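S.K.: Can you keep this structure in mind? I'll have questions shortly.
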Amino acid sequence: MNIFRLAGDMTHLLSVLVLLLKIHTIKSCAGISLKTQELYAVVFATRYLDIFTSYISPYNTMMKLIFLGSSFSIVWYMRYHKIVRRSYDKDQDTFRPYILMLPCLILALLINEKFTFKEISTSFFLFVMWTFSLYLEAVAILPQLVMLQRTRNIDNLTGQYVFLLGAYRALYILNWIYRYFTEEHFVHWITWISGLVQTLLYADFFYYYFQSWKNNVKLQLPA
Amino acid sequence: PLQQPMHDEL
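Structure below.
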């Protein structure tokens with residue numbers, strides 16, 4: 001564990017807590033994309049399939065449970081909570097998740113660390129699901145970014161949520177650089193490239209977020 | 224045990 005990865009995990013945790021805080025306290029999910037939340041639930045469900053078979057550390061298991069629990073409860077709130085669901089603007093959240101999930105699944109079958117299609121085994125299934133979750137996580141924010149461009153006034157908590165979500169993966173990139181130079185044979189091209197793509201997708205959001213912070217004006221993304 | 228793709232990261 002290094003400082004970049006710990007900071008990344010804490011930033012990721014904070015992003016989830018900010019969103020849960022918004023939804024749980026003011027009972028509103030205005031401006032939040034349910035599609036992105038559902039994609040994140042799929043990301044964690046496919047990423048942590050091994051939560052009961054492979055034990056790494058109490059920290060690792062605890063964080064996995066927190067991410068699984070929070071992502072599914074956010075989806076539950078937005079779908080079924082009688083007050084929260086009223087503030088969900090489904091007309092603005094029109095991104096079709098399947099146009100993201102299918103290519104990620106096909107890509108995971110073609111490009112993963114195993115490359116051997118012949119041994120259809122449990123570990124191959126785990127590899128494909130894990131790789132799928134990496135690719136899906138890289139693009140899961142797209143429905144949310146599209147929705148931000150449509151909703152004119154982005155409230156602070158939503159802006160902070162997206163900012164923290166992007167920052168966590170940027171910190172992970174620093175973690176990968178650090179581990180590459182400090183650990184033998186630490187090479188994970190698939191993780192690195194999808195993590196880089198993921199962070200680059202936030203580039204314009206980061207720019208406008210920084211501008212709004214610097215000029216102390218309301219965050220607005222150009223349509 | 225199953226060979227784990229997911230290294231120790233979340």
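Chains A and B, in that order, give the protein sequences.
For what it's worth, my numbering labels the leading residue of the first sequence as 1, then goes sequentially.
For what it's worth, my numbering labels the leading residue of the second sequence as 224, then goes sequentially.
All residues carry an ideal CB built from backbone N, CA and C; glycine is no exception.
On a predicted model such as this, the values are computed, not experimentally measured, just so you know.
1) Applying the criterion that 16 or more other CB atoms from any shown protein chain within 10 Å of the CB defines a buried residue, is residue 91(A) buried or exposed?
2) Between the Cα of residue 204(A) and those of 123(A), 133(A), 159(A), spot the shortest distance and give me the residue it belongs to.
3) Do residue 222(A) and residue 208(A) count as a contact pair if the criterion is CB distance below 9 Å?
4) How many Å lie between residue 133(A) and residue 190(A) at the Cα?
5) Let me make sure I understand the geometry here. Which of 195(A), 166(A), 163(A) has the alpha-carbon closest to that of residue 177(A)?
6) What are the complete beta strand (DSSP E) segments, minimum 3 residues, inside the segment 53-118 of chain A?
7) Under three-state DSSP, which class holds residue 143(A)?
8) For the candidate residues 192(A), 153(A), 206(A), whose alpha-carbon lies nearest to that of residue 32(A)?
9) With 16 as the cutoff for other CB atoms within 10 Å, does residue 47(A) come out buried or exposed?
10) Keeping to the same chain, check which residues put their C-beta closer than 7 Å to that of residue 9(A); ignore five residues upstream and five downstream.
11) Among the residues of its own chain, which have a CB less than 7 Å from the CB of residue 166(A), if the five just before and after it don't count?
12) According to the neighbour-count rule (16 or more other Cβ atoms, all chains shown, within 10 Å of its Cβ), is residue 130(A) buried or exposed?
13) As a quick exercise: from 71(A), 28(A), 22(A), pick the residue whose alpha carbon is nearest that of residue 39(A).
14) Since residue 185(A) meets chain B, which of its residues come closer than 7 Å, beta carbon to beta carbon?
15) On the CB-based measure, 16 or more other CB atoms within 10 Å of its CB, does residue 1(A) come out buried or exposed?
16) How do the segment 20-37 of chain A and the segment 181-190 of chain A stand: do at least 3 beta-carbon pairs fall below 8 Å, yes or no?
17) Taking the alpha-carbon positions, what's the residue 15(A) to residue 157(A) distance?
18) Can you give me the Cβ contacts of residue 172(A) inside the same chain, cut-off strictly under 8 Å, excluding the 5 residues immediately before and after it?
19) Of the residues 28(A), 180(A), 106(A), 44(A), which one's Cα is nearest the Cα of residue 140(A)?
20) For residue 180(A), does the count of other Cβ atoms within 10 angstroms reach 16, so buried, or fall short, so exposed?
M.R.: In short, the structure shows the following:
1) To locate residue 91(A), count along the first sequence from 1; it is residue 91. Classification for residue 91(A): exposed.
2) Your numbering for residue 204(A) matches position 204 in the first sequence. The residue with the shortest Cα to Cα distance from residue 204(A) is 159(A).
3) Here residue 208(A) corresponds to residue number 208 of the first sequence, with the count starting at 1. Here residue 222(A) corresponds to residue number 222 of the first sequence, with the count starting at 1. Yes, the pair counts as a contact, with Cβ atoms nearer than the cut-off.
4) Here residue 133(A) is taken as the residue at index 133 of the first sequence, counted from 1. Here residue 190(A) is taken as the residue at index 190 of the first sequence, counted from 1. Going from the Cα of residue 133(A) to the Cα of residue 190(A) covers about 11 Å.
5) Taking the first residue of the first sequence as position 1, residue 177(A) is located at position 177. Checked all of 195(A), 166(A), 163(A); the closest Cα to residue 177(A) is 195(A).
6) none
7) Numbered from 1 along the first sequence, position 143 holds the residue referred to as residue 143(A). If DSSP states are grouped into helix, strand and coil, residue 143(A) belongs with the helices.
8) Here residue 32(A) refers to the residue found at position 32 of the first sequence. Cα-wise, what sits closest to residue 32(A) is 153(A).
9) Position 47 of the first sequence, counted from the start, is the residue given in the question as residue 47(A). Under this definition residue 47(A) is a buried residue.
10) Taking the first residue of the first sequence as position 1, residue 9(A) is located at position 9. Taken in chain order, the residues that qualify are 63.
11) Here residue 166(A) refers to the residue found at position 166 when the first sequence is read from its first residue. For residue 166(A), where only same-chain residues beyond five positions count, the Cβ hits under 7 Å are 199, 202, 205, 206.
12) Mapped onto the first sequence, residue 130(A) falls at position 130. Classification for residue 130(A): buried.
13) Position 39 of the first sequence, counting from 1, holds the residue named residue 39(A). Ranking 71(A), 28(A), 22(A) by Cα distance to residue 39(A) puts 71(A) first.
14) Residue 185(A) sits at position 185 when you count from the first residue of the first sequence. Neighbours of residue 185(A) in chain B, taken as residues whose beta carbon is under 7 Å from its own, are absent, since the nearest beta carbon is some 11 Å off.
15) Looking up residue 1(A) in the first sequence gives position 1. The residue is exposed, with fewer than 16 neighbouring Cβ atoms inside 10 Å.
16) no
17) For the purposes of this step, residue 15(A) is identified with residue 15 of the first sequence, where counting begins at 1. For the purposes of this step, residue 157(A) is identified with residue 157 of the first sequence, where counting begins at 1. Each residue's alpha carbon lies about 9 Å from the other.
18) Mapped onto the first sequence, residue 172(A) falls at position 172. So the qualifying residues of the chain are 4, 5, 8, 195.
19) Taking the first sequence and counting its residues from 1, the one referred to as residue 140(A) is at position 140. Nearest of 28(A), 180(A), 106(A), 44(A) to residue 140(A), Cα basis: 44(A).
20) Taking the first sequence and counting its residues from 1, the one referred to as residue 180(A) is at position 180. Burial call: exposed.
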